[in-house]
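Counted from 1, the sequence shown has number -15 at position 2 by our numbering; the numbering is strictly sequential.
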Amino acid sequence: MTIMIAAAAENNALGKDNEMVWHLPDDFKRFKQLTTGHHIIMGRKTFESFPKPLPNRTHIIITRQRDYNPENCFVVDGMDKALEKAPQNEDVYIIGGGEIYNLGLPFADKIELTKVHAEFEADAFFPEINPNEWKLEKEEFHPKDEKHNFDFTFQTFIRK
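Have a look at this one:
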């Protein structure tokens, strides 16, 4: 199954200047829990936003740069080629950023979204989820607390 996983604000903001604009430890835990042991597809800028490759995951990076070759990663120039690198009988996660989510949406079977209940200035955005194509299967609200500055909801969408 091809799964998009993201955290996006009410205005679909993902981040600004290649950084997230909020810090939600429970979202990071959920991301790690869901993606560990799987292939993850991302754009070059998303990959470069990490201090180092994420442990226990196979990185597939989409870029137009022909000479881009980070250690222990697959590098491809399109979403179709990225999906070909992942085992066909396993879950693969598309983890961003904005341009990659737009490329991945037609291929996705499921969306794991953390909706951050605020609006932010951003330069990267998650695509609109069309209710004619996607069904909200479950959601779990988390109020802000001492570790989380914003209310947020874990949402799972399944393609209709």
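We put the beta carbon where it would ideally sit given N, CA and C, even for glycine.
Check	Outcome
DSSP state of Arg90 mapped onto helix, strand, coil	Note on residue identity: the sequence assigns Phe, not Arg, to residue 90. The answer is helix: DSSP assigns Phe90 an H, G or I state.
Alpha helix (DSSP H) segment containing Gln16, residue limits	8 to 18
Rounded separation between Met(-13) and Ala65 - CA only	13 angstroms
Per DSSP, the bridge partner or partners of Leu119	Phe140
Closest by C-alpha distance to Arg13, when choosing among Pro110, Glu102, Thr97, Ala105	Thr97
Whole-angstrom distance between Glu104 and Arg27, CA atom to CA atom	22 angstroms
Sequence-distant residues of the same chain with beta carbon closer than 8 angstroms to Leu88, five excluded per side	Met(-13), Pro110
Cβ-Cβ separation, Ile44 to Met62 (assumed contact under 8 angstroms), whole Å	In fact, because the Cβ distance is near 12 angstroms, the residues do not count as touching under 8 angstroms.
Helix, strand or coil at Thr(-15) according to DSSP, with G and I counted as helix	strand
Outcome for His42 when other beta-carbon atoms lying within 10 angstroms are tallied against a minimum of 16	buried
Residue nearest to Gln71 in terms of C-alpha spacing, selected from Val99, Phe90, Gln48	Phe90
Three-way DSSP call (helix, strand, coil) for Ile23 in this model	strand
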